[in-house]
Structures are given as C-alpha cells and as structure tokens.
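**Q** I am attaching a structure below and will ask some questions about it afterwards.
Protein chains: 2
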Amino acid sequence: MNSSYPSVLLENAVNEFAKLPGIGRKTALRLVLHLLRQDDSQIEDFARAIVTLKQEIKYCSCCHNISDSEVCSICSDKSRDASTICVVENIREVMAIENTIQFKGIYHVLGGIISPIDGIGPSDLQIASLEERVKSGEIKEVILALSATMEGDTTNFYIFRKLQPYDVKVSIIARGVSVGDEIEYADEVTLGRSILNRTPFDESYKMITR
Amino acid sequence: MNSSYPSVLLENAVNEFAKLPGIGRKTALRLVLHLLRQDDSQIEDFARAIVTLKQEIKYCSCCHNISDSEVCSICSDKSRDASTICVVENIREVMAIENTIQFKGIYHVLGGIISPIDGIGPSDLQIASLEERVKSGEIKEVILALSATMEGDTTNFYIFRKLQPYDVKVSIIARGVSVGDEIEYADEVTLGRSILNRTPFDESYKMITR
Chain A
0 MNSSYPSVLL ENAVNEFAKL PGIGRKTALR LVLHLLRQDD SQIEDFARAI VTLKQEIKYC
60 SCCHNISDSE VCSICSDKSR DASTICVVEN IREVMAIENT IQFKGIYHVL GGIISPIDGI
120 GPSDLQIASL EERVKSGEIK EVILALSATM EGDTTNFYIF RKLQPYDVKV SIIARGVSVG
180 DEIEYADEVT LGRSILNRTP FDESYKMITR
Chain S
0 MNSSYPSVLL ENAVNEFAKL PGIGRKTALR LVLHLLRQDD SQIEDFARAI VTLKQEIKYC
60 SCCHNISDSE VCSICSDKSR DASTICVVEN IREVMAIENT IQFKGIYHVL GGIISPIDGI
120 GPSDLQIASL EERVKSGEIK EVILALSATM EGDTTNFYIF RKLQPYDVKV SIIARGVSVG
180 DEIEYADEVT LGRSILNRTP FDESYKMITR
C-alpha cells in the first residue's frame with residue numbers, strides 16, 4: 000500500500016510504529032487506529048511507560064541484566080548459588096531459563112554475541128566484566144548458554160579461551176534431541192551430538208525423577 | 000510464558016504493548032527491548048507521535064474521515080464530484096478505494112457497522128449525518144461500500160431504508176468473482192451473485208480499456 004495518508008499526524012505515528020521489528024505499514028496503521036480509539040489517559044499511559052522505561056531503567060552492576068535497582072533481584076538473592084554463573088546473550092534468555100526452575104546460580108548477560116557481519120566484536124559485549132568476576136576467585140563454574148549458531152559457537156570459544164588462565168570449570172549446555180521429538184525426524188547434526196554427549200542412564204533417570 | 004520480569008518498568012511497558020490488537024506478551028517484550036536499544040530522542044519521537052496524534056487529530060466535519068484540518072483534503076478538492084458519496088466503514092477503506100484511482104466522488108465514514116454483538120447500534124454511527132447530507136438535495140448517488148458480511152448487509156439495508164424518502168440513487172459495490180480468480184475455486188454464493196449481477200460484455204470491455 001503506497002497510500003497517501005489523509006493526515007500528516009497519522010502518517011507520523013504510522014511511521015514510528017513501522018520502525019519496530021516485524022511491524023509493516025499495514026499493521027502499524029491498524030495499531031495506530033486502535034490507539035486512536037482509546038481514551039486520552041490510556042494513550043498517555045502507553046507513551047509514559049516507554050519513556051519512563053528508557054529514562055529510569057538500570058542495568059545490574061553485577062550481571063548487567065535489566066533491573067530497577069543497582070543490583071538485580073537475582074544477584075541480590077542470598078539463597079542462590081553465587082559461585083555458578085550462567086552466561087547468556089540477553090534478558091530474554093534469563094527469563095527463559097528462570098522459567099525452567101532448574102537453575103539456582105546467577106547470570107551474566109553479554110548483551111549480544113560476537114557477529115562480524117553485524118559489526119559486533121568482543122569489546123562490544125560484557126566479556127571483560129565476566130573475566131573480572133571470574134578473576135575474583137569466587138566463581139567455581141561458568142555455564143555457557145548461548146545460541147547453537149556459528150556466532151554462538153564463536154562467542155563460546157572466545158570466552159573459553161579468555162577464562163582458561165583461571166581456576167574455573169567452563170561447561171556448555173547440552174545439545175541433543177528435544178524432549179518429545181521423534182528420533183527419525185531429528186537432523187543429523189543434532190542427533191550426532193546427542194550420541195556423542197550421551198549420559199549414563201541411571202544419572203539421567205535420577206535427574207528427571209528427583 | 001508466565002515469567003516474572005526482572006524490572007517493574009519493563010513489565011509496565013510490556014503490558015502496554017500487549018494491549019494492542021494481535022500483540023502477545025512475547026512480541027511485546029521483543030518490541031520493548033528493541034525500543035530500549037534506541038537513542039533517547041528516538042523513543043521520545045515515538046511517544047510524542049502517538050500523544051500528538053491523539054491530541055491534535057481532527058475529523059472532517061463533512062465526511063468524518065481523519066483529517067489535519069476542519070474539512071479533509073478529499074472533501075475540499077474542487078475537482079472531485081461532490082454529488083456522489085461513497086459510504087465506508089473506516090479510514091482504511093477510504094485509503095483502499097483511493098488506491099484504486101477509480102473513484103472521483105467523495106466519502107462518508109460511518110465509523111463502524113451495525114453489530115448488535117459488539118453493542119454497536121445505528122446511533123453510534125454517522126448515519127444521521129449521512130441523512131443530513133442527502134437531505135440537502137445536492138447528492139445524486141450514494142454508493143454503499145461496506146463489508147460483505149451479515150453486519151455489513153444489515154447496515155446497508157438500514158441506510159437504504161433511511162434514504163428511501165429522498166430523491167437519491169442508492170447503489171452497492173459489485174459482488175462477484177475476484178479478478179484473477181479461477182471460476183472452479185470460487186464459492187457458490189459469490190459465483191451465484193456474479194451471475195445474477197452480470198454486465199453486458201461491451202460495457203464491461205469499455206470499462207477496462209478506457
């Protein structure tokens with residue numbers, strides 16, 4: 000739709016929405032017209048929520064996750080194991096792992112992964128601060144939980160090399176056939192990895208029943 | 000995802016985005032995190048575009064379309080045929096019809112269609128003002144261009160009855176097989192209508208070649 004909008008104000012609002020990822024001009028128009036039907040106060044709430052977020056958001060000084068306070072609620076939780084750090088790309092992975100209720104350690108949010116195509120190098124990420132945390136000597140294990148992509152693997156390897164001088168265990172989350180998947184439909188690479196990384200049956204059985 | 004967000008500010012922003020139609024909580028989070036990566040000024044532009052739209056938008060006093068001025072650019076265009084009114088549901092239909100470049104008359108935007116389920120009756124729509132426009136005696140034809148649904152048909156019939164006392168031609172846009180569609184795949188109702196509403200070949204031929 001290469002339409003001429005009947006109003007410049009409308010066109011501006013549509014343009015702003017269309018800048019968001021995955022939102023085309025048609026969807027943007029639908030969203031804007033929806034907002035236009037709401038009360039003034041609702042529109043102001045919407046606009047204020049975004050501006051306030053940007054102005055007042057903090058990043059945890061320890062793990063660099065998004066936070067309302069200087070140190071985030073996970074890092075300041077005394078019941079968690081502060082000697083195990085799970086390295087993730089972004090806040091969304093923190094939320095996904097928290098949802099599993101399987102991890103009792105703390106996090107380190109890199110803020111992305113190494114991606115030469117997008118111009119993201121190691122210095123753009125929170126890798127130096129991870130090294131600092133490990134250097135303190137209080138960390139026993141670093142678990143790498145990055146995407147199973149080439150960029151993820153590159154970043155894993157870079158971090159592994161950086162942490163090699165220190166007395167810390169570096170592990171990586173298991174790659175294998177998804178729970179619920181049928182073997183015949185799994186791709187060869189994943190299936191191959193799941194065979195190489197096989198676990199003793201009694202260990203695996205204990206894990207799911209405990 | 001029934002996640003606990005690491006920040007109340009973040010959760011507020013996600014909640015606001017998730018109120019938009021077709022935006023779930025996962026998409027909302029993705030959009031908010033995208034905005035968070037932008038500059039302060041871009042976020043302010045975004046928020047301002049929406050608030051300004053709501054505060055300053057006008058509705059054309061003639062056709063009730065969204066407009067920046069008292070009378071919209073279509074109604075104030077002297078080259079258009081002001082004696083032919085096309086009745087549509089919303090601004091999106093105005094834009095769709097304008098894109099066809101086939102209509103040289105002006106519009107009347109109802110602001111919705113009669114839908115008892117959604118609690119929308121004739122008095123919630125701009126039907127009385129349409130009657131006023133017709134009553135003025137300057138309108139020769141009213142073209143009904145509403146959705147081909149039960150609600151659309153109800154609204155068409157209601158408007159037709161309201162306009163019967165006046166000396167005005169009331170027509171409805173053609174229903175038939177879409178251009179490019181194969182006959183064997185057209186549904187029976189549409190195909191039946193396209194046979195009933197057949198047009199003389201030479202008229203139809205003239206129409207597409209002129």
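Note that the protein sequences, when read in sequence, are chains A and S. Last residue of the first sequence: 209 in numbering that gives the first Met the number 0, with the numbers rising by one and none dropped. Last residue of the second sequence: 209 in numbering that gives the first Met the number 0, with the numbers rising by one and none dropped. Every residue gets a Cβ at the ideal spot worked out from N, C-alpha and C, and that includes glycine. Please read these numbers as outputs of a predicted model, since none were measured by experiment.
Could you spell out where the alpha helix (DSSP H) holding Leu109 (chain S) opens and where it closes?
**A** No alpha helix (DSSP H) holds Leu109 (chain S); DSSP gives it neither H nor E.
**Q** Would you mind telling me which residues of chain A sit closer than 7 Å to Ile65 (chain S), beta carbon to beta carbon, in chain order?
**A** Result: Pro5, Ser6, Leu9.
**Q** Looking at chain A, is there any beta carbon in it that lies within less than 7 Å of the beta carbon of Lys168 (chain S)?
**A** So, not an interface residue.
**Q** Just to make sure I have the definition right: I need the residues of chain S whose C-beta is within less than 7 Å of the C-beta of Thr51 (chain A). Which are they?
**A** By Cβ distance, chain S contributes Leu8.
**Q** Check each candidate in S:Thr154, S:Tyr184, S:Gln163, S:Gly179 and name the one with the smallest Cα separation from Ser213 (chain S).
**A** The question about residue 213 (chain S) has no answer, for chain S in this structure spans 0 to 209.
**Q** With which residues is Thr154 (chain A) paired in a DSSP beta bridge?
**A** None; Thr154 (chain A) has no bridge partner.
**Q** Output the distance between the C-alpha atoms of Ser193 (chain S) and Arg174 (chain A), rounded to the nearest integer angstrom.
**A** Roughly 58 Å between the two C-alpha positions.
**Q** Taking only the alpha-carbon atoms, compute the straight-line gap between Ile172 (chain A) and Val86 (chain A) and give it to the nearest angstrom.
**A** So the two alpha carbons sit approximately 10 Å from each other.
**Q** Is Phe45 (chain S) close to chain A? Criterion is C-beta to C-beta, closer than 7 Å.
**A** Interface residue, yes.
**Q** For the structure I just gave you, are there three or more beta carbon pairs, one from the stretch 17-26 of chain A and one from the stretch 24-41 of chain S, closer than 8 Å?
**A** Judged by Cβ distances under 8 Å, the stretch 17-26 of chain A makes contact with the stretch 24-41 of chain S, as three or more pairs qualify.
**Q** Just mark Asn98 (chain S) as buried or exposed, buried being the case when its beta carbon has 16 or more other beta carbons within 10 Å.
**A** Answer is exposed; the Cβ neighbour count stays below 16.
**Q** For Gly179 (chain S), which three-state DSSP category applies?
**A** Here Gly179 (chain S) sits in coil by DSSP.
**Q** With DSSP as the reference, identify every bridge partner of Lys57 (chain A), one or two as the case may be.
**A** Its beta-bridge partners are A:Ser66.
**Q** If we cut at 7 Å on Cβ distances, does Ile105 (chain S) have a partner in chain A?
**A** Not an interface residue.
**Q** Which chain S residues are close to Ile42 (chain A), counting only those with a beta carbon under 8 Å from its beta carbon?
**A** Ile49, Val50, Lys53, listed in chain order.
**Q** Pull up the distance between the alpha-carbon of Ser75 (chain A) and that of Ser203 (chain A), whole angstroms please.
**A** Between Ser75 (chain A) and Ser203 (chain A), the C-alpha separation is close to 32 Å.
**Q** Determine the DSSP secondary structure at Ala48 (chain A), reduced to helix, strand or coil.
**A** Note: Ala48 (chain A) maps to helix in three-state DSSP.
**Q** Identify whether Ser114 (chain A) lies in helix, strand or coil by the three-state DSSP scheme.
**A** DSSP places Ser114 (chain A) in strand when its eight states are reduced to three.
**Q** Please determine if the stretch 49-64 of chain A and the stretch 63-81 of chain S are in contact, where contact requires at least 3 C-beta pairs separated by less than 8 Å.
**A** No: the two stretches stay apart, fewer than three of their Cβ pairs being nearer than 8 Å.
**Q** Among the residues of its own chain, which have a CB less than 6 Å from the CB of Leu143 (chain S), if the five just before and after it don't count?
**A** So the qualifying residues of the chain are Val86, Asn155, Ile171.
**Q** Can you tell me whether Ser128 (chain S) is helix, strand or coil according to DSSP?
**A** Correct three-state label for Ser128 (chain S): helix.
**Q** Between Ala12 (chain S) and chain A, is any beta-carbon pair separated by less than 7 Å?
**A** It does; some Cβ of chain A falls within 7 Å.
**Q** Quick one, which of S:Lys25, S:Leu190, S:Tyr165 has its alpha-carbon nearest Gly136 (chain S)'s?
**A** Comparing Cα-Cα distances from Gly136 (chain S) to each of S:Lys25, S:Leu190, S:Tyr165, the minimum goes to S:Tyr165.
**Q** Ile84 (chain A): which of A:Gln101, A:Tyr106, A:Lys77, A:Val93 sits nearest, CA to CA?
**A** It is A:Tyr106 whose Cα lies nearest to the Cα of Ile84 (chain A).
**Q** DSSP three-state label for Met0 (chain S), please.
**A** Because Met0 (chain S) carries a pLDDT of 38, less than 50, the predicted location of this residue cannot be relied on, and the following value inherits that uncertainty. Residue state, collapsed to three classes: coil.
**Q** Less than 8 Å between the CB atoms is what I'm expecting for Val93 (chain S) and Pro5 (chain A), so what's the real figure, rounded?
**A** At roughly 7 Å, the Cβ-Cβ gap stays under 8 Å, so Val93 (chain S) and Pro5 (chain A) are in contact.
**Q** Which residues bound the beta strand (DSSP E) around Lys25 (chain A)?
**A** Not the beta strand (DSSP E): Lys25 (chain A) falls in the alpha helix (DSSP H), residues 24-35.
**Q** Whose C-beta lies closer than 6 Å to the C-beta of Lys139 (chain A) among residues of the same chain, with five residues either side of it excluded?
**A** Cβ within range, chain order: Ser82.
**Q** Could you list the residues in the stretch 86-99 of chain S with a C-beta less than 9 Å from some C-beta on chain A, going in chain order?
**A** If the cut-off is 9 Å between Cβ atoms, the stretch 86-99 of chain S has Asn89, Ile90, Arg91, Val93, Met94, Ala95, Glu97, Asn98 near chain A.
**Q** Am I right that Leu162 (chain S) and Val141 (chain S) are in contact with their C-beta atoms under 8 Å? What's the rounded C-beta distance?
**A** Leu162 (chain S) to Val141 (chain S), Cβ: 6 Å. Contact.
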